[in-house]
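Working notes, structure below.
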Amino acid sequence: MIDRVALFVTCLADTLSPEVGTATVTLLERLGVEVVFPPEQTCCGQMHANSGYPGEATALARRFVDVFAPYDAIVTPSGSCAAQVREHVSGLLDGDDEGVPQKTFELSQFLTGVLAVEDVGSGFEGTVTYHPTCHSLRLLHVGDAPLRLLRAVPGLDLVELPDAEECCGFGGTFAVKNADVSSAMLDEKIAAVLGSGAESVCACDSSCLMHIGGGLHRRGSGVRAIHLAEILAS
Amino acid sequence: MSQAARDARPKSFSRAAPAALANAQLRANIRHATRSIRAKRAGVVAEVPDWEELRSAAAAIKDEALGRLDEVLLELEAAVQAAGGRVHWARDGAEANKIVTGLVRAEGAREVVKVKSLTTDEIRLNEALEQAGIRPVETDLAELIVQLAGERPSHLLVPAIHKNRTEIRDLFRVRLGLPTLTDDPAELAEAARLHLREAFLRAPVAISGANFAAADTGTVCVVESEGNGRMCTTLPEVLITVMGIEKAIPRFRDLEVFLQLLPRSSTGERMNPYTSLWSGVREGDGPRAFHLVLLDAGRTRVLADPVGRPALRCIRCSACINVCPVYRQTGGHAYHSPYAGPIGAILSPQLAGETGAVASLPFASSLCGACYDVCPVLIDIPSILVHERGKVVARKRSGLEGRSMKLLGRAFATRIGYERAQRLGRTLQRPLVKDGWITRFPPGPLAAWGQSRDLKAMPPQTFREWWESRDRA
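First to last, the sequence lines map onto chains P and B.
For the first sequence, the residue numbers in this note's numbering are 3 to 236.
For the second sequence, the residue numbers in this note's numbering are 7 to 479.
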């Protein structure tokens, strides 16, 4: 049983969505897990890696491994960053990863797989639809872990998102480099979210939520983009 | 697309995309067609209990062939020659075009019929033939439509995916001289059939591509749906096959694996209607002469890069294209390459040495990974896209993006630098923030974001500041 974890909050949530980090802390502590926050952490290097800057990405991967190696388990509220650590860090470091990737867990996988809980003692009123982010779905294979957690929340009415597995069009620098195509993809995602009739759209990545949420706000929609951690911490 | 547009200097993907995005008819056609092919594919793939084993086997066979391609190609050459065929080697498209044009001229032919034209599209063979006074007739229905319209294919497998039947009717009315033609699919097909039958019977030379070529027996394989391939490979006196060197497989029996994977992945069929296999020539049966043109055109360059090399496993099924959310928005023309979609985004830049407009293609992806999930030969397309981005960035002069990335890399290297960057961001955003949101953007990358999205502003406290304050409390 793991009762102490290091939180990898991600640079994006740290800076733009701190509420996702605080919710993750609240949730894990409620489940009896001690959370430590290594303040030396910065970024896992995903943006550099995916944008074509492997040199910078490798340096950041090295730093990530050094900062987190002392801990038994690392939990992060991001499917994309967890996937970067689990799938790519080792390759960037030629295998010299000190076992860090294997003990890094995306939040929903940590809850359902390691802690083996589904009902995390939360309560949330409202209609929610779930967008499976691409990296959580296709790189991490979280499967229905987030859905099982959401279904166990009393008061939460989970509705299906049409064409749920389609990308929202974020894709990191893709959103600005190919802004027209990215926007067209976002249009379809937002139409699906609005079509679901949900009051909130939930996901396991602050980055995709920043994208979908920014699109909803631009359209004056009242639908809220909310991270899974925030619902589960409520 | 007009002739002028076709000849225009190719644009980068991001510059070419807006025109495609503005074409609502094109997007509707593509959405409809890819959606229905995807559903069919998913259905027939789910029926195969050993699908994953087949994928692994196919990847292993292709890797074996690519790993000793020098031997495999010589074996193929020997087997084709032993069976009465002739083999020609072409370093690039120009060389291949010269060889083919010369062979057609030697037959005194003024017209050729063509099938499986993707590789010949890559090297622009039709233009070379036309310049030599030879008329190429595309015989795949969709290729014919695209040719009559003076356009380029927009999809590997469904080259006219961007056209609907009303557009095709209008085209046939003018180009085939059938002013009373309706848009009834059967009537359209019949018009094309009559047009093509005459060409099949008339043309002394056929030019084909190849799906596979087995090195041990010298057998070339063409897989198709309409029977036009069978016509081309049996009726004319002379058959010329232009094949990329990566299509060679070691053994005839390897076809067993690929012929299960290909039709299910491409058209969503259990089996394709026509599979033509031939080894050299045979007296009194089919063409009297067979020429195999083996084309490099950048393939050995791809082969030399161990990370990018798996792109050469591709069997041109187009499953990746049909699931790609980027392709679905733009169609194939925005890629400015016969290889569109995810496979095009990794193959075209590698073939071109990461130069020209196709160097923009590795960035034409959100890295959603849907392509890798469906690839029948397990090409990790997202990883190769990232690798190609690195190669493109390394070739370019460092612009604003390069400098920003370097600065951020340096800032994120230390806690002090990272926290300073956070504070700086909060200060810089101040004039833009209203009610916790940024809704108006200065010119630059932020403006591109602001095209369709607002941006939640950085809140007054970062997570780490909250954590520190909690620790103190």
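Each residue gets a CB set at the ideal place from its N, CA and C atoms; glycine is no exception.
For clarity, every value in this text was computed on a predicted model and none was experimentally measured.
Between the CA atoms of residue j and residue i - distance to the nearest angstrom
i	j	result
Val178/P	Ser366/B	14 Å
Phe264/B	Arg92/B	26 Å
Ala39/B	Asn170/B	10 Å
Cys323/B	Lys440/B	50 Å
Arg1/B	Val211/B	Coverage of chain B is limited to positions 7 through 479, which leaves residue 1/B absent and any answer about it impossible.
Asn272/B	Ser231/B	Checking the sequence shown, residue 272/B turns out to be Ser, not Asn. Distance between the alpha carbons of Ser272/B and Ser231/B is about 11 Å.
Leu117/P	Phe70/P	20 Å
Pro388/B	Tyr378/B	7 Å
Val392/B	Leu163/P	29 Å
Ala346/B	Glu128/B	12 Å
Glu262/B	Val383/B	14 Å
Pro20/P	Asp176/B	58 Å
Phe206/B	Glu117/B	10 Å
His219/P	Arg459/B	7 Å
Ser223/P	Asn217/B	50 Å
Asp159/P	Met212/P	23 Å
Thr106/P	Val229/B	46 Å
Leu184/B	Ile151/B	14 Å
Ile4/P	Leu30/P	11 Å
Arg307/B	Ser475/B	56 Å
Ala10/B	His342/B	Residue placement at Ala10/B is poorly supported in this model, since its pLDDT is 45, which falls under 50; the coordinates still yield a value, given next. In a straight line, the C-alpha of Ala10/B is about 14 Å away from that of His342/B.
Ile349/B	Pro156/P	45 Å
Thr239/B	Gly90/B	15 Å
Asp13/B	Asn29/B	Because the pLDDT at Asp13/B is just 47, under 50, the model does not fix this residue reliably, and the point stays unresolved.
Leu162/B	Arg270/B	15 Å
Leu196/P	Gly34/P	37 Å
Under 8 Å from the C-beta of residue i: neighbouring residues of chain B
i	result
Arg32/P	Ordered by position in chain B, no residue passes the 8 Å Cβ test against Arg32/P, which lies about 15 Å from the chain.
Thr129/P	Per Cβ cutoff of 8 Å: no residues; Thr129/P is ~22 Å from chain B at best.
Gly224/P	Going along chain B, no residue has its Cβ under 8 Å from Gly224/P, so there is no contact; the nearest lies around 14 Å.
8 Å Cβ cutoff met for residue i and residue j
i	j	result
Ala317/B	Ile390/B	yes
Ala85/B	Gly250/B	no
Ile213/B	Leu194/B	no
Ala370/B	Val332/B	yes
Val27/P	Val7/P	no
Val91/P	Val130/P	no
Ser184/P	Gly173/P	yes
Cys210/P	Thr135/P	yes
Gly93/P	Val399/B	no
Leu142/P	Leu230/P	no
Gly99/B	Ala303/B	yes
Asp142/B	Lys120/B	The residue you asked about is not Asp; residue 142/B is Pro in the sequence shown. Cβ atoms of Pro142/B and Lys120/B: closer than 8 Å.
Ser235/P	Ser124/P	The sequence given here has Ala at residue 235/P, not Ser. Contact: yes.
Ala52/B	Gly337/B	no
Phe469/B	Asp207/P	no
Cys320/B	Ile385/B	yes
Arg236/B	Ser282/B	yes
Ala166/P	His133/P	yes
Interface residues of chain B facing residue i [CB-CB closer than 9 Å]
i	result
His133/P	Those do not exist, as His133/P stays about 12 Å from chain B at its closest Cβ, beyond 9 Å.
Pro72/P	None at all; the shortest Cβ gap to chain B is about 16 Å.
Within chain P, the residues that residue i reaches when beta carbons sit closer than 7 Å
i	result
Gly51/B	Looking at the sequence shown, residue 51/B is not Gly but Val. In chain order: nothing, as chain P lies at least about 16 Å away.
Val399/B	Gly54 and Tyr55
Leu373/B	Asn52 and Gly173
Val332/B	Val183
Contacts of residue i in chain P (Cβ-Cβ under 9 Å)
i	result
Ser42/B	In chain order: nothing, as chain P lies at least about 14 Å away.
Leu27/B	Asp182, Val183, Ser185 and Ala186
Ala376/B	Cys136, Arg140, Glu167, Glu168 and Cys169
Tyr345/B	Residues of chain P passing the Cβ test: none, with the nearest at roughly 18 Å.
Under 8 Å by beta carbon: chain P residues contacting residue i
i	result
Thr336/B	Val183
Tyr341/B	Under the 8 Å cutoff, chain P gives no residues; its nearest Cβ is about 12 Å from Tyr341/B.
Pro449/B	The premise fails here: Pro449/B is roughly 12 Å from chain P at the closest Cβ pair, so nothing lies under 8 Å.
Val392/B	Ala51, Asn52 and Gly54
Within chain B, partners of residue i - CB distance below 7 Å
i	result
Val178/P	Pro451, Ala454 and Trp455
Arg65/P	Ala419
Open item on the list: What are the residues in the stretch 100-113 of chain P lying within 9 Å of chain B by C-beta distance?
Closed with: Cβ contacts with chain B: none found.
- [ ] Taking only beta carbons into account, state which residues of the stretch 451-476 of chain B come closer than 7 Å to chain P, listed in chain order.
- [x] Result list: Pro451, Ala454, Trp455, Gln457, Ser458, Arg459, Asp460, Leu461, Lys462, Met464, Pro465, Gln467, Thr468, Phe469, Arg470, Trp472 and Trp473.
Task: Every unbroken beta strand (DSSP E) inside the stretch 294-352 of chain B [3 residues or more] - done: 295-301, all fully within the stretch 294-352 of chain B.
Open item on the list: Output needed in chain order: residues of the stretch 88-101 of chain B with a Cβ under 7 Å from some Cβ in chain P.
Closed with: Flagged: no residues at all.
- [ ] Go through the stretch 88-144 of chain B residue by residue and report every complete run of the beta strand (DSSP E) that reaches 3 residues or more, in order.
- [x] For the stretch 88-144 of chain B, whole beta strand (DSSP E) runs of length 3 or above, ordered along the chain, are 92-96, 117-121 and 141-144.
- [ ] Let me know the beta strand (DSSP E) ranges lying completely inside the stretch 196-230 of chain B, each 3 residues or longer, listed in chain order.
- [x] Look at the stretch 196-230 of chain B and you find these whole runs of beta strand (DSSP E), each 3 residues long or longer: 211-214, 218-220 and 225-230.
Task: Within 7 Å of chain P by C-beta, residues of the stretch 57-87 of chain B in sequence order - done: Going along the stretch 57-87 of chain B in chain order, one finds no residue with a Cβ nearer than 7 Å to chain P.
Open item on the list: What ranges does the alpha helix (DSSP H) occupy inside the stretch 147-214 of chain P, keeping only unbroken runs of at least 4 residues that lie completely in it?
Closed with: With a minimum length of 4 residues, the continuous alpha helix (DSSP H) runs that stay inside the stretch 147-214 of chain P are 147-153, 176-179 and 181-198.
- [ ] Would you mind listing the alpha helix (DSSP H) stretches within the stretch 31-64 of chain B that are 4+ residues and don't spill past its ends, in chain order?
- [x] Within the stretch 31-64 of chain B, not a single complete alpha helix (DSSP H) segment reaches 4 residues in length.
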